[in-house]
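Numbering (the UniProt record's numbering), first residue to last: 1 to 370.
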Amino acid sequence: MAFKFQMSEVDFWNKYFKAEYLHSTKNAIAAAAEAAEDEDLAVFLKDDEILENEARKKVRRVDPTLDMEADQGDDYTHLPDHGIFRDGSKETSEAQNTLYRRTLLQDLNRQSEVVLEGKTLDIDMEHPRTAVEALARRKHESDGVVEERRNRISKMAQIEDLQAQDDHPFAPLCIKDPRDYFDSQQANAVKTLDDSLSGKEKIRCNLGSEEAYGSLRESISNIKTMGLRDPLLSHEVAFKVLSELTKNISSTKSNLGKSSQESVLDILPNTTKEKLLDHWVCSQELLRHFWSSYPVTKQSLVDKARRLKDAISQIYSKLEEIKVSAKSDLRHQVSLVVHPMQQALDAALLHYDADITRRNAKGSKRNGYV
1 MAFKFQMSEV DFWNKYFKAE YLHSTKNAIA AAAEAAEDED LAVFLKDDEI LENEARKKVR
61 RVDPTLDMEA DQGDDYTHLP DHGIFRDGSK ETSEAQNTLY RRTLLQDLNR QSEVVLEGKT
121 LDIDMEHPRT AVEALARRKH ESDGVVEERR NRISKMAQIE DLQAQDDHPF APLCIKDPRD
181 YFDSQQANAV KTLDDSLSGK EKIRCNLGSE EAYGSLRESI SNIKTMGLRD PLLSHEVAFK
241 VLSELTKNIS STKSNLGKSS QESVLDILPN TTKEKLLDHW VCSQELLRHF WSSYPVTKQS
301 LVDKARRLKD AISQIYSKLE EIKVSAKSDL RHQVSLVVHP MQQALDAALL HYDADITRRN
361 AKGSKRNGYV
């Protein structure tokens, strides 16, 4: 706001309140027409430079990496039936007209701020050198702010060379369809064994029947003479797990009840029966993912085996709670179902502990392999 000495006090307040009236009508076209006809009135209608500079400074202080649209997902006040009911049309109109809300006190404060800053309006500078030095200092300060903002952006920006690879060689753990996960892990295990062999041997994909038969005989003879190098798992453990999963667990539905048509699960209460079936399905899936993690050749497989071991331990404790909390007359029947499941889980836990002991004794290798 500028005060002209040739304007009387009455004219000043007439112009001021006329400008306030034009602002209150929210008619930008009419305000522009009035400003074009009256130069003195245009001074009252133009935007405040101080407010614009403050707004620009506030925008520059905002973190450039902040995703405010993502933060809106955590705010429930913008959803219907949440928070205080608001009219959308009223909110929009109020947001568009916030610039027109002015008070006499605000204008007086702005005028005082201009006076205290020593800003000259329509008055010649006293000394050109002083003005140049003031402009140079202001430009230097603005350059420093811009440089600081650039440094902050560079520090927060992600460096692609230091980021982990997105194409992980394993499928995410998903109980909904474990077949894809199991097949991919088997393929990775075979590929890892092939990579661990000498790199001099080249794999040929296009082989004839005679060459394939000769290669098979050569592989069989090598296995007979040298044996397998680092098998997937011990044959004793594999046989024990296979026996427990196929024979003992599947035999829980055999006729051990009071009649030939009744099984052990049918004798138990529905709540206990449902818990046992749920734990059986969970343990079967966990064991499948657990055994597919071996041999452990990467840090990701180490973490996966550790998480699966913790989940297996939780299932084991839940089975023990069911067995202890069962009624005395049903405790034997519950033990018949729980015991084979716990044996299968014990085999996995023992194998995990043995593998940890073996790898700790062996020590770490290069390139992140353990």
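Backbone N, C-alpha and C fix where the C-beta goes; we use that ideal spot for every residue, glycine too.
Local conformation of residue i per DSSP, three classes
i	result
P340	helix
N109	helix
A19	helix
V43	helix
V62	coil
M226	helix
G361	Here residue 361 is Ala; the residue named in the question, Gly, does not match the sequence. Note: A361 maps to helix in three-state DSSP.
L330	coil
G144	helix
G208	coil
S215	helix
D38	coil
Exposure of residue i, with buried meaning 16 or more beta-carbon neighbours within 10 Å
i	result
W13	exposed
S317	exposed
V324	exposed
V296	buried
F85	Here the model assigns F85 a pLDDT of 43, short of 50, so the residue's position is not dependable, and the following value carries that caveat. Flag for F85 reads exposed.
T272	buried
Q314	exposed
K309	buried
E211	exposed
residue 429	Nothing in the structure corresponds to residue 429, since the chain is present only between 1 and 370.
F44	buried
Cα-Cα separation between residue i and residue j, rounded to whole angstroms
i	j	result
I123	E148	The predicted model places I123 with a pLDDT of 45, which falls under 50 and marks its position as unreliable, so this point remains unresolved.
M7	T130	30 Å
D266	D303	39 Å
D278	G227	41 Å
K26	R152	40 Å
L349	Q299	19 Å
K224	H235	16 Å
V264	K327	14 Å
E39	A134	29 Å
E320	N360	31 Å
F17	E9	12 Å
S215	N222	10 Å
W291	V146	57 Å
A35	R137	35 Å
E54	S24	23 Å
L287	N270	25 Å
A354	H332	32 Å
E94	K58	Bear in mind that the predicted position of E94 carries a pLDDT of just 45, short of 50, making it unreliable; the figure below should be weighed with that in mind. Taking the straight line from one Cα to the other gives about 21 Å.
Where the alpha helix (DSSP H) through residue i begins and ends
i	result
N27	Premise fails: N27 is in no alpha helix (DSSP H) and is neither H nor E.
Y294	Taken as a continuous stretch (DSSP letters only), Y294 belongs to no alpha helix (DSSP H), as it is neither H nor E.
K240	235-243
D266	264-267
Beta carbon proximity, residue i to chain B, threshold 8 Å
i	result
K224	Included in the structure is just one protein chain, with no chain B present.
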